[in-house]
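Order-wise, the sequence lines are chains A and B. For the first sequence, position 69 (counting from the first letter as 1) is numbered 68 according to numbering that gives the first Met the number 0, and the numbering increases by one without interruption. For the second sequence, position 21 (counting from the first letter as 1) is numbered 20 according to numbering that gives the first Met the number 0, and the numbering increases by one without interruption. Below is one structure, written out as structure tokens; comments come after it.
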Amino acid sequence: MFEYAPAPESVRPEIREHYGLFIDGKFADAEDGATFKSVNPSNEEVLFTVAEAGEADVETAVAAARRAHETVWGPMSGTERGKYLFRIARLLQERAREFAVAESIDNGKPIKETRDFDVPTAAQHFFYHAGWADKLEYAGLGADPRPLGVIGQVIPWNFPLLMLAWKIAPALACGNTVVLKPAETTPLTALMFAELCAEADLPPGVVNILPGAGATGAALVDSPVDKVAFTGSTAVGRAIAKAVAGSKKKLTLELGGKAANIVYDDAPIDQAVEGIVNGIFFNQGHVCCAGSRLLVQESIAEDVLERLKDRVATLRVGDPLDKNTDVGAVNSAEQLERIKSLTEAGSDEGAESWQPACELPERGFWFRPTVFTGVQQSMRIAREEIFGPVLSVLTFRTPDEAIAKANNTPYGLSAGVWTEQGSKILWTAERLRAGVVWANTFNQFDAASPFGGLKESGYGREGGRQGLEAYLDV
Amino acid sequence: MGSILSGAEAASLVRSLPGVDAVGLEARAAGLGTRSVKKASKAAAIDMAIGMIDLTTLEGADTPGKVRALCAKAVRPDGDAPPVAAVCVYPSMAAVAAEALKGSGVNVASVATGFPAGQVPLEVRLADTESAVRSGADEIDMVINRGAFLSGDLERVFGEIKAVKAACGDARLKVILETGELVTYDNVRRASFLAMYAGADFIKTSTGKVGVNATLPVTLLMMQAVRDFRRETGVQVGVKPAGGIRNTKDAIKYLVCVNEVLGENWLSPHWFRFGASSLLNDLLMQRQKLKTGNYSGPNYVTVD
Numbered sequence: 000m001f002e003y004a005p006a007p008e009s010v011r012p013e014i015r016e017h018y019g020l021f022i023d024g025k026f027a028d029a030e031d032g033a034t035f036k037s038v039n040p041s042n043e044e045v046l047f048t049v050a051e052a053g054e055a056d057v058e059t060a061v062a063a064a065r066r067a068h069e070t071v072w073g074p075m076s077g078t079e080r081g082k083y084l085f086r087i088a089r090l091l092q093e094r095a096r097e098f099a100v101a102e103s104i105d106n107g108k109p110i111k112e113t114r115d116f117d118v119p120t121a122a123q124h125f126f127y128h129a130g131w132a133d134k135l136e137y138a139g140l141g142a143d144p145r146p147l148g149v150i151g152q153v154i155p156w157n158f159p160l161l162m163l164a165w166k167i168a169p170a171l172a173c174g175n176t177v178v179l180k181p182a183e184t185t186p187l188t189a190l191m192f193a194e195l196c197a198e199a200d201l202p203p204g205v206v207n208i209l210p211g212a213g214a215t216g217a218a219l220v221d222s223p224v225d226k227v228a229f230t231g232s233t234a235v236g237r238a239i240a241k242a243v244a245g246s247k248k249k250l251t252l253e254l255g256g257k258a259a260n261i262v263y264d265d266a267p268i269d270q271a272v273e274g275i276v277n278g279i280f281f282n283q284g285h286v287c288c289a290g291s292r293l294l295v296q297e298s299i300a301e302d303v304l305e306r307l308k309d310r311v312a313t314l315r316v317g318d319p320l321d322k323n324t325d326v327g328a329v330n331s332a333e334q335l336e337r338i339k340s341l342t343e344a345g346s347d348e349g350a351e352s353w354q355p356a357c358e359l360p361e362r363g364f365w366f367r368p369t370v371f372t373g374v375q376q377s378m379r380i381a382r383e384e385i386f387g388p389v390l391s392v393l394t395f396r397t398p399d400e401a402i403a404k405a406n407n408t409p410y411g412l413s414a415g416v417w418t419e420q421g422s423k424i425l426w427t428a429e430r431l432r433a434g435v436v437w438a439n440t441f442n443q444f445d446a447a448s449p450f451g452g453l454k455e456s457g458y459g460r461e462g463g464r465q466g467l468e469a470y471l472d473v
Numbered sequence: 000m001g002s003i004l005s006g007a008e009a010a011s012l013v014r015s016l017p018g019v020d021a022v023g024l025e026a027r028a029a030g031l032g033t034r035s036v037k038k039a040s041k042a043a044a045i046d047m048a049i050g051m052i053d054l055t056t057l058e059g060a061d062t063p064g065k066v067r068a069l070c071a072k073a074v075r076p077d078g079d080a081p082p083v084a085a086v087c088v089y090p091s092m093a094a095v096a097a098e099a100l101k102g103s104g105v106n107v108a109s110v111a112t113g114f115p116a117g118q119v120p121l122e123v124r125l126a127d128t129e130s131a132v133r134s135g136a137d138e139i140d141m142v143i144n145r146g147a148f149l150s151g152d153l154e155r156v157f158g159e160i161k162a163v164k165a166a167c168g169d170a171r172l173k174v175i176l177e178t179g180e181l182v183t184y185d186n187v188r189r190a191s192f193l194a195m196y197a198g199a200d201f202i203k204t205s206t207g208k209v210g211v212n213a214t215l216p217v218t219l220l221m222m223q224a225v226r227d228f229r230r231e232t233g234v235q236v237g238v239k240p241a242g243g244i245r246n247t248k249d250a251i252k253y254l255v256c257v258n259e260v261l262g263e264n265w266l267s268p269h270w271f272r273f274g275a276s277s278l279l280n281d282l283l284m285q286r287q288k289l290k291t292g293n294y295s296g297p298n299y300v301t302v303d
């Protein structure tokens with residue numbers, strides 16, 4: 000038997016015992032002294048304490064951002080802004096390993112992913128938008144697009160650094176200043192990014208980082224910012240939309256999803272199986288655009304399922320810092336509970352659950368990769384976003400039925416199509432109501448490619464030329 | 000196994016195989032290539048790889064002396080390192096190798112069928128095969144008729160492989176697809192199945208004599224083919240990447256693929272081989288490094 004010896008990542012970033020709020024270029028504690036703890040989800044150990052921003056801190060940060068926008072960042076030429084962004088991008092690359100390990104420790108996701116995906120893609124977003132900073136008048140959004148001003152940004156815990164990059168890079172390139180709230184379970188890389196901004200000599204107040212939970216986010220949304228950008232759950236997105244309604248604040252929302260991954264009978268089967276695995280088990284399924292509903296043509300369903308199970312059985316679940324780990328820890332106890340309750344509902348409603356026989360660590364938040372077969376459109380596991388490593392398998396007989404089932408959801412973020420027939424890809428993609436449709440691949444991202452949803456998956460685009468519009472007055 | 004299909008049936012089955020998505024296949028191979036194999040598992044992998052080598056010399060300048068030197072190295076590569084699986088030579092050298100390897104447990108593999116181009120009449124290819132077997136070859140590495148394959152004459156390719164298989168007698172047949180000349184992954188998959196339907200015991204990537212030899216994606220694809228073939232027919236077929244695998248790091252990537260795509264059943268010299276010459280010395284040097292903690296150098300392993 001060929002066993003892989005443990006291959007733990009040897010670099011350990013310096014994680015401080017306590018982090019403050021990053022306001023106006025300096026770290027400071029919250030005005031009311033509130034703090035909270037960040038926990039390592041793979042062993043439940045407390046990593047550090049961090050100041051929790053309250054209303055007063057939000058006010059201070061927004062004022063600092065306003066000042067920076069009016070006095071420094073707004074008047075600065077695009078060329079100069081671009082230089083800062085290039086510098087940030089290069090620093091991120093230089094410290095990539097450190098960021099990758101920190102992200103893995105704080106989030107629970109495997110080092111393989113933070114090293115090969117999260118951090119390089121985050122750096123790419125800064126490089127890409129650095130290039131736009133002095134070319135905004137050529138973006139096709141009008142002759143002289145202006146920045147909006149101060150942007151309040153709230154990001155989720157599933158890709159902490161990458162979501163920060165998706166938010167901050169375009170905002171800064173377009174001449175805005177930002178106040179960003181990272182998720183309460185994953186503030187580490189945002190705070191390390193704050194240190195990096197200081198290292199890059201970014202003018203104080205251009206980037207402000209306010210760790211905190213829902214109340215901090217609500218305070219930020221209610222503060223006198225010019226625009227709110229939010230990535231997270233549809234429920235919170237709805238509350239934010241209500242909160243900003245009737246104000247002059249602009250809003251973009253990137254919310255939940257329940258993506259269909261459609262596999263036709265003429266698909267390249269082995270690659271489709273890889274795509275199914277990557278679609279739902281990438282990042283423990285904590286992906287808003289995860290391919291959580293597999294729609295497979297009935298004639299090949301049995302074959303695909305057999306191959307899928309063989310493949311899932313080879314996934315290595317465990318220590319996120321081991322370079323051979325494929326599936327890491329669930330981010331929080333709360334999320335683990337949600338996954339458990341939804342999978343129980345799946346079994347109760349009559350779907351058949353299958354899991355590989357992998358061992359799980361004793362401590363920490365863990366959930367085995369799970370495949371539900373015999374899933375019907377009416378079941379909760381086919382309708383609600385689980386946000387975990389749980390795949391619901393449904394079948395279809397004809398292309399029309401595939402489209403009808405795929406679109407039968409309030410969400411519309413992403414979808415996948417697998418077939419060797421080009422015309423069928425186009426026919427299907429045209430009919431799918433989703434912001435992103437991947438053909439013979441899944442979960443591919445690029446800074447040059449706009450990303451965003453339809454229906455209850457939100458509005459506004461991030462990335463690409465289209466993504467600039469969200470941060471410009473055009 | 001003897002083939003139970005007619006050429007027309009095999010050709011039609013092969014033509015109806017699902018396609019291969021090149022991007023996805025290469026991404027999967029690259030992903031497997033990132034596995035980190037260290038310490039005890041690396042030591043075990045190195046010894047496993049040594050035991051899977053078909054130590055090869057296929058030069059016009061081969062002499063009996065050179066082949067004997069290679070055979071001695073094959074049996075006892077270095078200290079307590081395990082012997083390799085086989086020595087692979089031209090038919091004219093098969094008898095020399097058979098004599099030198101007698102009783103050692105190391106097999107004699109002979110290329111045949113007008114290796115490497117195969118551009119000679121079938122009767123010559125069959126005579127070549129029979130002669131190699133008579134000279135003591137335990138394994139025959141044949142080349143397929145790429146011209147016939149590329150012109151669409153799959154039945155002819157099937158018939159020729161079948162004929163060579165019959166000429167092999169008890170010798171195990173490795174069928175070289177020469178994937179560098181088939182070019183597309185779809186072709187590689189079709190050729191893999193055609194060879195297996197015709198009775199191949201092993202499917203092998205390359206002769207080592209063309210520009211593109213074994214690559215990880217091509218070998219991964221062939222592994223998926225033997226896995227699917229066993230699922231379909233119950234018959235297990237081996238895989239041999241050959242050409243271009245020169246160092247330990249690459250060899251371990253191939254073993255990782257075997258481990259994760261085919262599993263334990265294939266992790267033995269009976270089912271997986273490396274066609275290589277310089278790979279052995281790199282494995283031996285890495286082996287010494289693991290034992291002593293120091294890198295030695297090319298003078299601490301033998302030149303052949």
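We put the CB at the ideal spot given by N, CA and C, even for glycine. None of the values given here were measured: they were computed from a predicted structure.
Residue pairing of S109 of chain B in beta bridges, as defined by DSSP: B:V88 and B:I139.
Per the DSSP secondary-structure output, G415 of chain A pairs in a beta bridge with A:N260 and A:W437. Residue pairing from DSSP places A228 of chain A in a beta bridge opposite A:Q152 and A:T251.
In this structure, A:F281 is the residue among A:P449, A:E297, A:F281 and A:Q375 with its C-alpha nearest to the C-alpha of D115 of chain A. In its chain, beyond the 5 residues on either side, Y263, D265, A266 and I424 have a beta carbon closer than 7 angstroms to the beta carbon of T418 of chain A. Between V224 of chain A and K248 of chain A, the C-beta gap is smaller than 8 angstroms, which places the two residues in contact. Counting only the Cα atoms, N186 of chain B lies some 59 angstroms from T215 of chain A. A Cβ-Cβ contact shorter than 8 angstroms links G174 of chain A with P146 of chain A. For V45 of chain A, same chain residues with a beta-carbon under 7 angstroms away, outside a window of 5 residues either side, are K36 and V38 in chain order. Across the structure, L320 of chain A and I110 of chain A are spaced so that their CA atoms are roughly 5 angstroms apart. Residue contact with chain B for T324 of chain A: absent (no Cβ-Cβ distance below 8 angstroms to any residue of chain B). When 7 angstroms is used as the limit between beta carbons, V66 of chain B is near no residue of chain A, the shortest such separation being about 32 angstroms. Looking at B:F201, B:Y89, B:L193 and B:A126, the one whose alpha-carbon comes closest to that of I3 of chain B is B:L193.
In this structure, P81 of chain B and D46 of chain B form a Cβ contact; the two beta carbons are roughly 6 angstroms apart against a cut-off of 8 angstroms. Within 10 angstroms of the beta-carbon of H17 of chain A lie fewer than 16 other beta-carbons, which makes it exposed.
DSSP places A289 of chain A in no alpha helix (DSSP H); its state is neither H nor E.
Under the 8 angstroms criterion on CB atoms, A212 of chain A is classed as non-interfacial with respect to chain B.
DSSP, reduced to helix, strand and coil, places G237 of chain B within a strand of the structure shown. Check the Cα spacing between V49 of chain A and each of A:A182, A:R96, A:F395 and A:G290: the tightest is with A:A182. At least one beta carbon of chain A lies nearer than 8 angstroms to the beta carbon of L254 of chain B.
Residue state for Y299 of chain B is assigned as helix, using DSSP reduced to three classes.
At a cut-off of 8 angstroms between beta-carbon atoms, K308 of chain A makes no contact with chain B. Counting along the chain, V49 of chain A sits inside the beta strand (DSSP E) bounded by residues V45 to A50. Cβ contact annotation for A93 of chain B (same chain, cutoff 7 angstroms, sequence separation greater than five): V107, S109, A131, S134, G135 and A136, in chain order. Closest in C-alpha terms to G102 of chain B, from the list B:P90, B:A85 and B:G113, comes B:A85. Residue-level contact by beta carbon fails for Q123 of chain A and chain B, as no gap is shorter than 8 angstroms. Per DSSP, the beta bridge partners of V392 of chain A are A:L293. Where K203 of chain B is concerned, there is no enclosing alpha helix (DSSP H), although the beta strand (DSSP E) around it starts and stops at F201 to K203. Three or more Cβ pairs closer than 8 angstroms define a contact, and the segment 403 to 411 of chain A meets that threshold against the segment 376 to 387 of chain A. Taking a C-beta distance under 8 angstroms as the contact criterion, L215 of chain B and V13 of chain B do not qualify as a contact pair. For P267 of chain A, the secondary structure class from DSSP, reduced to helix, strand or coil, is coil.
Chain-ordered listing is empty here: chain A has no CB closer than 7 angstroms to the CB of L149 of chain B, the nearest sitting near 21 angstroms.
Counting only residues of its own chain and dropping the five nearest sequence neighbours on each side, P5 of chain A has a CB closer than 7 angstroms to the CB of D321.
Of all residues in the segment 201 to 225 of chain B, those with a C-beta nearer than 7 angstroms to a C-beta of chain A are Q223, reading in chain order. When C-beta distances to chain A are compared with 7 angstroms, the residues of the segment 15 to 35 of chain B below that value are P17, G18, V19, D20, V22, G23, L24, R27, T33, R34 and S35, in chain order. Taken through DSSP and simplified to helix, strand or coil, F116 of chain A comes out as helix.
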